[in-house]
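Counting in my numbering, the first sequence runs from 489 upward without gaps. These notes are about the structure you will find just below.
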Amino acid sequence: MATETRPTTEMSPVYKPAEVEPRIYQRWLDADVFAPDGAGSRADGSKPPFTITQPPPNVTGALHIGHALGSTIQDVMIRRARMQGHPALFVPGLDHASIAAQVVLDRIIAKDGETRDSLGRERYLERMWLFINETRDVILDQERRLGLSADWGRLRFTMDDDSARAVRVAFKRLYDDGLAYRGKQLVNWCPGDQTSLSDLEVVAAPTTGTLWYVRYHFVGDDGTSDPTDTITVATTRPETILGDTAVAVNPDDDRYRHAVGRRVMIPFVDRIVPVIADPVVQMEFGTGAVKITPAHDADDFATGQRHDLEVIDVMTDAGRINERGGPYAGLTREEARERIVAELAARTDLAKAVPHQMILGRCSRSDHVVEPRLKTQWFINVKPMADRAMAAVREGRTKFVPVRFSKVFFDWMENIHDWNVSRQLWWGHRIPAWYCPDGHVTVSAESDGPSACDVCGRPSAELRQEDDIFDTWFSSGLWPFSTLGWPDETPDYTRFYPTSVLETGYDIIFFWVARMMMLGEWLTGGEPFHTVYLHGMVRDPLGAKMGKTKGNVVDPLGVITETGADALRFALIHGSAAGADSRLGQSRVEGARNFANKIWNAARFVMSARPDDVAADSPLGLAETHLLGPAEHWILDRCERSIVAVEKAYAAFEFGEAARLLYDAIWGDYCDSYLELAKVGLNESGAAGDDGDGGARKHAIWSTLTWVLDRYLRLLHPIMPMATEEIWSRLPHLATDPELLIVARWPDATDSDFKPDQHLSDGVAQLIETITAIRAARAESGIEASDWLPALIWLPEGAGRDAYAALEAAVGRLARVRPTLVNSRSELDAEGARGLAVITATGEARVLRSDADRQRERARLEKELRAVESQLAAAEARLSDHSFVTRAPENVVEHARRRAAELHEQADALRARLQET
RNA sequence: GGGCGAUUGGCUCAGUGGUUAGAGCACGCGGUUCACAUCCGCGGGGUCACUGGUUCGAAUCCAGUAUCGCCCACCA
């Protein structure tokens, strides 16, 4: 109920977001409106829940511009749903960001001369918890400053106890289902971060390397070799020679038929290995002979398995040559390569070296060259899960916005490889697998681990838990349901899962979206969300990616402080479309700030224009229809159309379009046109000569001003929540309205019984056209703005003429003339022969000016005539085209006819006038 | 190598078959109009990348080309 007293503080001429925004946000918190079941909630149970899944930001992070865009879009959706009466749930959260957080902490402890190893696992993790307890509120406060209406009472963290349990239960399920397995496989190893990586964390870097041609010497049965009897292999990685266990050629390669089955000597390590035949070898590449290093190359590993070759790992975790590398042990990969190439050259075993274009895998985080290494780790066979996730999209249970990303999704899903989830890091969920001295594996979902070995029954005391932790995306992948209580069937889980919309950036489709879909389908039996809305990247004004190193980042907090969160939100939304990158610069933000200020001032005027006999706390409501004039019909008509168009845009996830529609409607229709018309109406009503009902008319105009502004504020609230809330709090409300706009009803064309009269509305549009034409004629004729001239106006029978009487004063004021309506065209020239001619498609006028410059007037009219004639010619050409008239739809032809007739008349009028001038 | 996207006024972008292609910024002219100079009024500026096709009609649909950008990819 609107029982609260409206703010009586004066409205300053400039909108001050810094004063308004924190206060408004606090009001929302106090009113408990963010929770779907909070005290201030307006959901009445008649509508289904609406849930947003947001990507939880890094616990050590700060708000960056991409995050601001995503969060704003999420908030726009949740606010609209809330106003529509859905129980709207927006679970805020934080991600522990395993490796990213460790990198940050490592840097910090380095200042104290400490390292991960110097502290040890236990003390390191203690430091981490201390650290994130300091940082965790930073990002949350920043989200609040942005205005996010998230349910803070449901805040979740991927390292909290409930998430930890979800991780254990999920992994145990996957293990029991045979999808999670421990195996010795080649993994992507980052020697810098000293952990394995998933395929996604390896970025392909095109590089110009070298292809070295190396001679291997054949070895006879007696172990001797002939220096001239060699086979030349081509390699880009000479240092892996130390781990070679074969040389391979294609079985169809006649050049090497004799070589297959013979043996060669691997230099430096003096290992004798066979020459084998395998179809993997391409005859055209290099020499057609390739060295095989199963421990350091994926292809070679597969080849090795086929031929039962020995696997010799010659490297350490830090990327140095290990003791298997003979004389090179202890050197880095790079040093070893250099020395080996030099030594081969010295031995004349280096046949040649040519530059070679190749793709190098680099660690996405540290940029180190990734080393394929053989490790025993945990993997997840994701294929069966991928099949279900794909089914969800095929069946329409999950839709991508924009839809083209479903193709990207399918392409990846169809070619998916097993997911290596082991990380040799400390900050994260430790894999809940225990090993007994006999090598048995026990996976347990219990918080304190298994009581005994599943296989041999050894007691827990003898079991040792896996040291590795999970890939951080494993816990993130459970987010939509782990945050709602899964694996328990909690009330939240039952009520809000599956969630409605996942909103995130297209850059994490594979990392996160796909994994949530796979894990969600497999573990919960249903899709985790019905819609995936993907936003693009926010770039700088030149289109470059924003990056700290480039120094071109727009700091969202700086913008919030300077121009307000609403301005930032509007700027971000206004310039964005689903899946498309956008550019953000100063001018866009300023435009949004100006828009907020514009609305503020419009409201300021409306409040100051309240008629004296209207009580300050009177309720919102349109006056009776008979009291509404043409201008009221026009703006109410425009407003109704805006409501429909804006709602359509929101519903189609076209938030940028919604923002544009509102900008144009509020600035153009409401401020530029209606407010100006209303001013005149408010001034003249009640003045001498009106019909005696001036007070009621004034009241009617003011009711329309407040009514329409109220509609627009509701529609704009999701995008600019704080300014709209503040302004709305000062306006009259409906008796049924709550105290806060955030929970007020979403507008709907059925909110009032009023139906605008289209005829009157059209009439006003024509008068606005006439006003604009007079203004243009004045400006082009160089008439002083302060020069109020008499004007004759002629309008044909119809809408414009019918609306005229009520708006004569407004036409006069806006066109800066003293108008007189005449009854026929001939009167125009009889009285106004020397005036400026104003000729529109729907009317004509003369601005009377005795000293009009004839030359200038002729030039102006000629220019106009040329424009009209060229349009007329085009219109007539179309109409004389038989196939157009017979084949185009009726209404299009009819429209063209009417248009041609109008143009014809306008051209005639212009010609007639030119004759006279 | 495969895929996707973009190409519209000086800049940033709307506009997905039907009047005269729009807006903001920038630009020019005018303005102490009692909400707002974070403003108001008026104006200049575009062969909608190119070629061909479909259609009565194409910025819009189709094919191809060019340029730019992004994503994916185990070949030494």
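Glycine residues also receive a C-beta, built at the ideal position from the N, C-alpha and C atoms. None of the values given here were measured: they were computed from a predicted structure.
Secondary structure of H1114 (DSSP, three-state): helix.
The segment 564 to 579 and the segment 520 to 529 touch, with no fewer than 3 CB-CB distances between them shorter than 8 Å. In the three-state reduction of the DSSP assignment, Q673 falls in the strand class. Secondary structure at C924: coil, using DSSP grouped into helix, strand and coil. Secondary structure within the segment 784 to 829: the alpha helix (DSSP H) runs of 4 or more consecutive residues, fully enclosed, are 786 to 795 (chain order).
For P843, DSSP records a beta bridge to T698.
Under the Cβ criterion (8 Å, minimum of three pairs), the segment 867 to 882 counts as touching the segment 896 to 912.
Contact annotation: R745 and V761 have beta-carbon atoms that are not nearer than 9 Å.
The beta-bridge partner set that DSSP reports for R751 consists of V707, P762. Considering only P1377, R1354, W1190, E1172, the residue with the shortest C-alpha distance to E1296 is E1172. In the displayed model, W640 falls within a helix according to three-state DSSP. Cβ contact annotation for E1352 (same chain, cutoff 8 Å, sequence separation greater than five): I1327, L1398, in chain order. Under the 10 Å beta carbon count, R568 is surrounded by 16 or more other beta carbons and is classified as buried. Annotation for E991: the continuous beta strand (DSSP E) segment containing it runs 987 to 993.
Listed as beta-bridge partners of S852 by DSSP are no residues whatsoever.
Straight-line spacing of the CA atoms in V1041 and R1027 works out to 8 Å. If the five residues before and after H856 are omitted, its C-beta is found closer than 8 Å to the C-beta atoms of C678, P679, G680, D681, G807, R850, all from its own chain and listed in chain order. When Cβ pairs closer than 8 Å are counted between the two stretches, the segment 607 to 614 is seen not to touch the segment 986 to 994, the count staying below three. CA-CA distance, E509 to M565, rounds to 20 Å. The beta-carbon separation of T548 and I620, rounded to 6 Å, stays under the 8 Å limit for a contact. For K660, the closest of R530, R918, I540, T886 by C-alpha to C-alpha distance is R918.
Under the 10 Å beta carbon count, C941 is surrounded by 16 or more other beta carbons and is classified as buried. Rounded to whole angstroms, A747 and V799 show a C-alpha spacing of 22 Å. Within the DSSP bridge table, the entry for E1332 names W1282, I1327 as partners. Under the Cβ criterion (8 Å, minimum of three pairs), the segment 722 to 736 counts as touching the segment 826 to 833. Under the three-pair Cβ rule at 8 Å, the segment 1148 to 1162 counts as touching the segment 1186 to 1204. It is roughly 15 Å from the alpha-carbon of M1006 to the alpha-carbon of D959. Here the C-alpha atom of Q542 lies approximately 30 Å from the C-alpha atom of V931. The shortest C-alpha to C-alpha distance from V502 to any of V1252, V763, N1085 is the one to N1085. Residue environment for D714: exposed (fewer than 16 other C-beta atoms within 10 angstroms of its C-beta). Taking every protein chain shown into account, the CB of Q1394 has 16 or more other CB atoms within 10 angstroms, so this residue is buried. L1360: member of the alpha helix (DSSP H) spanning 1342 to 1367, first to last residue. According to DSSP, Y1021 shares a beta bridge with V889, E991. Of the other Cβ atoms in all chains shown, 16 or more fall within 10 Å of the Cβ of D980; this residue is therefore buried.
For P715, the enclosing beta strand (DSSP E) stretches over residues 713 to 723. DSSP, reduced to helix, strand and coil, places E859 within a strand of the structure shown.
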